[in-house]
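2 is the number of the first residue of the sequence shown in my numbering; add one for each residue after it.
What follows is a set of notes on a single structure, which appears directly below.
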Amino acid sequence: PLSPSDTSLPLGRIKADDQLALPWLPPFSQKGAPYHRVGIYLLEQKPGAQLDVAKLKELYASRDGFSLKSFRDKFSLTPVGFNMFRTVWDDNTAAVMARHEAAGADVELRPARVHSLKPPVKPRGWEAKRQGPAYRHLWKYTKRIKGLSNARGWTKRR
């Protein structure tokens with residue numbers, strides 16, 4: 002148990018089947034995925050109360066669909082601490098995943114380009130009025146306009 006004098010709980014000390022419902026799995030993210038936010042919640046049980054590990058194994062055999070709120074309500078636990086951090090893929094992540102036999106170390110996620118369904122924007126204003134053949138003599142000036150339109154920012158003559 003945690004106490005003010007013993008603030009560390011190494012997961013290696015938890016070995017008995019009557020104390021461990023699910024094995025620990027290190028947080029990681031897939032290659033190519035954006036960073037993942039991971040939360041650690043510290044829940045306090047009533048003094049002298051023991052959690053039924055067999056019931057925990059039965060209810061939470063799968064990691065998917067876990068609800069912290071229902072877990073807290075079923076076992077009458079009180080939240081007392083919280084920490085949050087981010088994980089992102091680096092060169093050592095594949096080794097960590099292989100060491101813990103986590104699937105997907107060789108998978109690389111690539112972003113899919115999503116094209117807009119909106120129609121192209123029609124020209125408006127000054128440009129729209131002067132695109133016809135009557136203004137053909139002005140077209141030569143549009144290539145030399147300085148400023149933001151040529152993607153170089155506001156330019157100064159030196």
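Just so it is clear, CB atoms sit at the ideal spot from N, CA and C, and this is done for glycine as well.
The structure presented is a predicted model; accordingly, all values stated were derived computationally and were not measured.
Query raised in the report: Which residue from A96, P112, A113 puts its Cα closest to that of A106?
Result: Counted from its first residue, the sequence shown places residue 106 at position 105. Nearest option by C-alpha distance: A96.
Query raised in the report: When burial is assigned at 16 or more other CB atoms within 10 Å of the CB, is F83 buried or exposed?
Result: As a first step, residue 83 must be located in the sequence shown, where it is residue number 82. So F83 counts as exposed.
Query raised in the report: Is L78 helix, strand or coil when you go by DSSP?
Result: In the sequence shown, residue 78 corresponds to position 77, counting from 1. Coil.
Query raised in the report: Quick one: what's K32 bridged to in DSSP?
Result: Indexing the sequence shown from 1 puts residue 32 at position 31. For K32, which the question treats as bridged, DSSP gives the partners E109.
Query - Counted within 10 angstroms of its Cβ, other Cβ atoms place F29 as buried (16 or more) or exposed - result: The residue you call residue 29 lines up with position 28 of the sequence shown. That one is buried.
Requested in this report: State the Cα-Cα distance for the pair N151 and Y142, rounded to the nearest angstrom.
Outcome: Within the sequence shown, numbered from 1, the residue matching residue 151 stands at position 150. Within the sequence shown, numbered from 1, the residue matching residue 142 stands at position 141. The pLDDT assigned to N151 is 49, lower than 50, so where the model puts this residue is not dependable; a value taken from the coordinates is nonetheless given after this. Using only the alpha carbons, I get a separation of about 13 Å.
Query raised in the report: For L57 versus T79, is the C-beta spacing smaller than 8 Å?
Result: Counting from one through the sequence shown, the residue named residue 57 turns up at place 56. Counting from one through the sequence shown, the residue named residue 79 turns up at place 78. No, the pair does not count as a contact, with Cβ atoms beyond the cut-off.
Query raised in the report: If you run the structure through DSSP and keep just helix, strand and coil, what is N151?
Result: Numbered from 1 along the sequence shown, position 150 holds the residue referred to as residue 151. Reliability of the predicted coordinates at N151 is poor, the pLDDT of 49 falling under 50, and the value obtained from them is presented with this limitation in mind. In this structure, N151 counts as helix in the three-state DSSP scheme.
Query - Sequence-distant residues of the same chain with beta carbon closer than 8 Å to V54, five excluded per side - result: For the purposes of this step, residue 54 is taken as residue 53 along the sequence shown, with counting starting at 1. Cβ neighbours of V54 beyond the five flanking positions: D18, D19, Q20, L21, A22.
**Report entry** Straight-line gap, P77 to W90 (C-alpha atoms, nearest Å)
**Finding:** Along the sequence shown, read from residue 1 onward, the residue named residue 77 stands at position 76. Along the sequence shown, read from residue 1 onward, the residue named residue 90 stands at position 89. For the sequence presented, residue 77 should be read as Ser rather than Pro. Rounded to whole angstroms, S77 to W90 spans 37 Å at the Cα level.
Query - Nearest neighbour of L110, chosen from Y36, K16, Y42 [CA to CA] - result: Numbered from 1 along the sequence shown, position 109 holds the residue referred to as residue 110. Closest by alpha carbon: Y36.
Query raised in the report: For V122 versus T88, is the C-beta distance shorter than 8 Å?
Result: Within the sequence shown, residue 122 is the residue found at index 121, counting from 1. Within the sequence shown, residue 88 is the residue found at index 87, counting from 1. No, these two residues do not count as a Cβ contact at 8 Å.
Query raised in the report: In terms of residue numbering, what span does the alpha helix (DSSP H) encompassing E59 cover?
Result: One-based indexing of the sequence shown puts residue 59 at position 58. That run of the alpha helix (DSSP H) goes 54 to 60.
Query raised in the report: Just how far apart, CA to CA, sit S6 and R114?
Result: Numbered from 1 along the sequence shown, position 5 holds the residue referred to as residue 6. Numbered from 1 along the sequence shown, position 113 holds the residue referred to as residue 114. Spanning the two alpha carbons is a distance of roughly 53 Å.
Report task. Taking T45 as part of the beta strand (DSSP E), name the residues at either end of that continuous run. Result -> Numbered from 1 along the sequence shown, position 44 holds the residue referred to as residue 45. In the sequence as displayed, the identity of residue 45 is Glu instead of Thr. Per DSSP, E45 belongs to the beta strand (DSSP E) from 37 to 45.
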